[in-house]
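According to the working numbering, the sequence shown holds residues 6 to 550 in order. In what follows, a structure is listed as structure tokens, so that the remarks can point back to it.
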Amino acid sequence: MSIAATLEQPSAARAKIEVKGKAAGVDRVLTPQALAFIEALERRFGARRRELLSLRKERQARFDASELPDFLPETKVIRNGHWEVDPVPSVLLDRSVEITGPVDRKMMINALNSGAKMFMADFEDASSPTFANMIDGQVNMQDFARGKLAYTDTASGKSYALNDKVAVMIVRPRGWHMEEAHVLVDGRSVSASLFDFGLHFFHNGKMLFDAGIGPFYYLPKMESHLEARLWDEVFEYAQGEIGIPTGSIKATVLIETLPAAFEMDEILYELRRHIAGLNCGRWDYIFSYIKTLRKNPDFVLPDRAQVGMDRAFLNAYSLLLIKTCHRRRAHAMGGMAAQIPVKNDEAANDAAFAKVRADKLREVKNGHDGTWVAHPALVPVAMEVFNEHMPLGNQVLGQRCFPPISQKSLLTPHTGEITEAGVRTNVSVGIEYTAAWLNGRGAVPIHNLMEDAATAEISRSQIWQWIYHGAQVKAADGAARTFTKEWFAEILADELGKVRAALGDNGFKAGRYDIAAEIFTNTATSEDLADFLTLPAYEALRTLA
6 MSIAATLEQP SAARAKIEVK GKAAGVDRVL TPQALAFIEA LERRFGARRR ELLSLRKERQ
66 ARFDASELPD FLPETKVIRN GHWEVDPVPS VLLDRSVEIT GPVDRKMMIN ALNSGAKMFM
126 ADFEDASSPT FANMIDGQVN MQDFARGKLA YTDTASGKSY ALNDKVAVMI VRPRGWHMEE
186 AHVLVDGRSV SASLFDFGLH FFHNGKMLFD AGIGPFYYLP KMESHLEARL WDEVFEYAQG
246 EIGIPTGSIK ATVLIETLPA AFEMDEILYE LRRHIAGLNC GRWDYIFSYI KTLRKNPDFV
306 LPDRAQVGMD RAFLNAYSLL LIKTCHRRRA HAMGGMAAQI PVKNDEAAND AAFAKVRADK
366 LREVKNGHDG TWVAHPALVP VAMEVFNEHM PLGNQVLGQR CFPPISQKSL LTPHTGEITE
426 AGVRTNVSVG IEYTAAWLNG RGAVPIHNLM EDAATAEISR SQIWQWIYHG AQVKAADGAA
486 RTFTKEWFAE ILADELGKVR AALGDNGFKA GRYDIAAEIF TNTATSEDLA DFLTLPAYEA
546 LRTLA
């Protein structure tokens, strides 16, 4: 049944859809026709999404019982087969530098004007999912598609407008595990993935397609090819509803979960009509590695600063992604450089830029077709590296010899030490980010890095892993000490005391640090590692709103 036919039915014969939130722009975004489209998506695909989330839990239970992730025997024919994904439109051939950021209006304009080839407009980890933020983001999507995206800062009077030439926009909806609690079908919250995608596609899909600049998407946090199949079914249905050809949508999948790394071929195959490439979502991938292998003592990681992309499981996964993508004629995108400019410290700024150059040089020499940066100032730095070493715009047809990449290499942990300084960094940065998230900000500069939700997830999952396995931590005095809940509580109290001393009691309360600390503690010290910190944080966010 088409959306138009659905709208003509009496309301009693239709699935009941309700809007429970208020926000500026809601009447423009949640029109009757758009709500009918969201309703249809949820009615058609919501139950399957919930089934797939249940399969995640079943598989995690097997991992907790000592099974290890591995390549699937039942899909060997796909991995060994000779097939390629469909070609991408010309605007997606050169993706050498992509910039990412939230769907905030001013930040969008700056990113689109940055000189990057692509801009990933992020409804997910770089955005705090308040209803106001999500609706405002959709308003901004509509204005961009219609050439009306502009902004004037009321405080400074400064105006922002798009240049004649801007980056191509790719939109990232929230992951399958998230729900949008302000819109309900039959009393049940709708999938946040279907909500974000559906509204963007319904209002802008055909317009972007006709202009030859979309609709393009990044798909986050998938754990299996079955979840990719669901997205493919969503795309096929959605394209038919608004009348554009199958394959018009092009999506890039973030490989940012450990189980998905063993199913890259299968994910490409399921989405072969709609996929443009895969991306190394490195920060969430570290979190997923810890979460997936959480109860196995053989996979305890050292301080996050020692978990680099140039070795162990991260290097293996990066190389396998390149090898797999290029075999299937898809783009193999590199990961995020989170560094941002350091003001008033030339030496620190030079060091940050040097780290970005080194990271991008590793990526382009390994064979990646492009990379991510988090700040406009880093675009020319990354662009210079890729222009020098990848003059043709991509390396999809490049021939490289890769070492065999086995189950063992994809699971090999980094060696290193766990230090009290590393623990304190996890605690302070994790709580700082969570507090900002609870205040509506999803992209947060902390210690000269642009952090998103993956930061808090890595931070609290490492704390959990170290407590669970009684890890030996090098204390500040150099002595080895077993990490416990009690020591964590001491460090937590100390770090919170520093924040309170800096902000005062009123600033501490206004910053919601007490709530952030409670959520962080609960998800870092619970008996079982919570799937996502952002799930209880979202419940708190709704209450605070």
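Just so you know, even glycine gets a beta-carbon here, dropped at the ideal spot from N, CA and C.
When the distance is taken between beta carbons, is E232 closer than 8 Å to R179?
Here the question's residue 179 lines up with position 174 in the sequence shown. Here the question's residue 232 lines up with position 227 in the sequence shown. The answer is no: Cβ separation not under 8 Å.
Would you mind sorting D289 into buried or exposed? The rule is 16 or more other CB atoms within 10 Å of its CB.
As a position in the sequence shown, residue 289 is number 284, starting the count at 1. Burial check for D289: the Cβ neighbour count within 10 Å reaches 16 or more, so the residue is buried.
Determine the contact status of K328 and F407, defining contact as a CB-CB distance below 8 Å.
Position 323 of the sequence shown holds residue 328. Position 402 of the sequence shown holds residue 407. Yes, the pair counts as a contact, with Cβ atoms nearer than the cut-off.
Where do the ends of the alpha helix (DSSP H) carrying K348 lie?
Here residue 348 refers to the residue found at position 343 when the sequence shown is read from its first residue. It is not in any alpha helix (DSSP H) - K348 carries neither H nor E in the DSSP assignment.
Is H336 helix, strand or coil when you go by DSSP?
Residue mapping note: residue 336 aligns to position 331 of the sequence shown, counting from 1. If DSSP states are grouped into helix, strand and coil, H336 belongs with the strands.
Quick check on A29: buried or exposed, where buried means 16 or more other Cβ atoms within 10 Å of its Cβ?
On the sequence shown, residue 29 is found 24 positions in, with the first residue counted as 1. So A29 ends up on the exposed side.
Nearer than 7 Å: is that true of the beta carbon of I436 relative to any heavy atom of the ligand ADP?
You won't find the ligand ADP in this model; it holds no ligand whatsoever.
Per DSSP, the bridge partner or partners of K479
The sequence position of residue 479 within the sequence shown is 474, counting from 1. Answer is T424, A485.
Could you round the C-beta distance between L58 and W181 to whole angstroms and report it? I think they count as a contact, below 8 Å.
As a working note, residue 58 is residue 53 in the sequence shown. As a working note, residue 181 is residue 176 in the sequence shown. Contact check for L58 and W181: beta-carbon distance about 7 Å, within the 8 Å limit, so the pair qualifies.
Find out if the Cβ-Cβ distance for the pair A335, L397 is shorter than 8 Å.
Here residue 335 is taken as the residue at index 330 of the sequence shown, counted from 1. Here residue 397 is taken as the residue at index 392 of the sequence shown, counted from 1. Between A335 and L397, the C-beta spacing is not below 8 Å.
Residues bridged to G375 (per DSSP)
Against the sequence shown, residue 375 aligns to sequence position 370. Residue pairing by DSSP places G375 opposite M338 in a beta bridge.
Just confirm the distance between the C-beta atoms of M125 and E103, as a whole number of angstroms; I'd bet it's less than 8 Å.
Residue 125 sits at position 120 when you count from the first residue of the sequence shown. Residue 103 sits at position 98 when you count from the first residue of the sequence shown. 6 Å between Cβ atoms; contact.
Give the straight-line distance between the Cα atoms of V137 and V108, rounded to the nearest whole angstrom.
Against the sequence shown, residue 137 aligns to sequence position 132. Against the sequence shown, residue 108 aligns to sequence position 103. The amino acid occupying residue 137 in the given sequence is Ala; Val does not appear at that position. Taking the Cα positions, A137 is about 11 Å away from V108.
Whose C-beta lies closer than 7 Å to the C-beta of A317 among residues of the same chain, with five residues either side of it excluded?
For the purposes of this step, residue 317 is identified with residue 312 of the sequence shown, where counting begins at 1. Contacts found: T417, P418, H419.
Could you tell me which whole alpha helix (DSSP H) segments of length 4 or greater appear in the region 79-160?
Fully contained in the region 79-160 are the following alpha helix (DSSP H) runs of length 4 or more, in chain order: 81-85, 110-117, 136-150.
Please classify S293: is it buried, with 16 or more other beta-carbons within 10 angstroms of its beta-carbon, or exposed?
Here residue 293 refers to the residue found at position 288 of the sequence shown. Around the Cβ of S293, a 10 Å sphere holds 16 or more other Cβ atoms; the residue is buried.
Would the region 480-491 and the region 419-428 be scored as touching if the rule is three or more Cβ pairs under 8 Å?
By the C-beta criterion, the region 480-491 is judged to be in contact with the region 419-428, since at least 3 inter-stretch pairs fall below 8 Å.
If we ignore side chains and look at the alpha-carbon of each, how far apart do E491 and L497 end up?
Taking the sequence shown and counting its residues from 1, the one referred to as residue 491 is at position 486. Taking the sequence shown and counting its residues from 1, the one referred to as residue 497 is at position 492. The alpha-carbon of E491 is positioned some 10 Å away from that of L497.
Curious, which full-length alpha helix (DSSP H) runs of at least 4 residues does the region 189-250 contain?
Positions of the alpha helix (DSSP H) runs, each at least 4 residues long and wholly inside the region 189-250, are given as 197-216, 230-247 in order along the chain.
Distance, Cα to Cα, H279 vs A150?
Position 274 of the sequence shown, counted from the start, is the residue given in the question as residue 279. Position 145 of the sequence shown, counted from the start, is the residue given in the question as residue 150. Taking the straight line from one Cα to the other gives about 21 Å.
Please classify K255 as buried or exposed, where buried requires at least 16 other C-beta atoms within 10 Å of its C-beta.
Counting from one through the sequence shown, the residue named residue 255 turns up at place 250. The residue in question, K255, is buried, as its Cβ has 16 or more Cβ neighbours within 10 Å.
Check for me: the alpha helix (DSSP H) holding R64 runs from which residue to which?
Taking the sequence shown and counting its residues from 1, one reaches residue 64 at position 59. Per DSSP, R64 belongs to the alpha helix (DSSP H) from 37-69.
If contact is defined by three or more beta carbon pairs under 8 Å, each pair taking one atom from either stretch, is the region 159-178 in contact with the region 211-223?
Contact holds: three or more Cβ-Cβ distances are below 8 Å.
Quick check: the region 66-76 against the region 292-306, are at least 3 beta-carbon pairs closer than 8 Å?
Taking 8 Å as the limit for Cβ pairs, the verdict is that the region 66-76 does touch the region 292-306.
If you draw a straight line from the C-alpha of A47 to the C-alpha of A310, how long is it?
For this step, residue 47 is matched to residue 42 along the sequence shown. For this step, residue 310 is matched to residue 305 along the sequence shown. First, the amino acid is wrong: residue 47 is Glu here, not Ala. Each residue's alpha carbon lies about 41 Å from the other.
Taking the alpha-carbon of S411 as reference, which of N431, Q467, P450, L325 has the nearest alpha-carbon?
Walking along the sequence shown from the start, residue 411 turns up at place 406. The residue with the shortest Cα to Cα distance from S411 is L325.
Decide if the region 196-211 is in contact with the region 161-170; the criterion is three or more beta carbon pairs, one per stretch, under 8 Å apart.
Short answer: they don't touch.
Helix, strand or coil: which one does DSSP assign to I463?
Position 458 of the sequence shown, counted from the first residue, corresponds to residue 463. Helix at I463.
Cutting at 7 Å between CB atoms, please list the residues of its own chain near D533, excluding the five before and the five after it.
Within the sequence shown, numbered from 1, the residue matching residue 533 stands at position 528. If the five residues before and after D533 are omitted, its C-beta is found closer than 7 Å to no C-beta atom of its own chain.
Enumerate in chain order the residues of its own chain whose CB-to-CB distance from D536 is below 6 Å, with the five nearest sequence positions on each side excluded.
As a first step, residue 536 must be located in the sequence shown, where it is residue number 531. Nothing listed; no residue qualifies.
How should P264 be labelled, buried or exposed, when 16 other C-beta atoms within 10 angstroms of its C-beta is the threshold for buried?
Looking up residue 264 in the sequence shown gives position 259. With a threshold of 16 other beta carbon atoms within 10 Å, P264 meets it and is buried.
For V190, count neighbouring C-beta atoms within 10 Å of its own C-beta (all shown protein chains included) and say buried if the count is 16 or more, exposed if not.
As a first step, residue 190 is located in the sequence shown; it is residue number 185 there, counting from the start. Buried is the call here.
In the DSSP assignment, the alpha helix (DSSP H) including A266 goes from what residue to what residue?
Residue numbering aside, residue 266 sits at position 261 when the sequence shown is read from its first letter. Unbroken alpha helix (DSSP H) run through A266: 263-266.
Between which residues of its own chain and D148 is the CB-CB distance below 7 Å, once the five residues before and five after are set aside?
As a working note, residue 148 is residue 143 in the sequence shown. Residues of the same chain with a CB within less than 7 Å of the CB of D148, apart from the 5 flanking positions on each side, are L154 in chain order.
Under the assumption that G565 contacts D91 (Cβ atoms under 8 Å), give the Cβ distance between them as a whole number of angstroms.
Since the first residue shown for the chain is 6 and the last is 550, residue 565 is missing from the structure and cannot be characterised.
In whole angstroms, what separates the C-alpha of R486 from that of L77?
Here residue 486 refers to the residue found at position 481 when the sequence shown is read from its first residue. Here residue 77 refers to the residue found at position 72 when the sequence shown is read from its first residue. Distance between the alpha carbons of R486 and L77: 40 Å.
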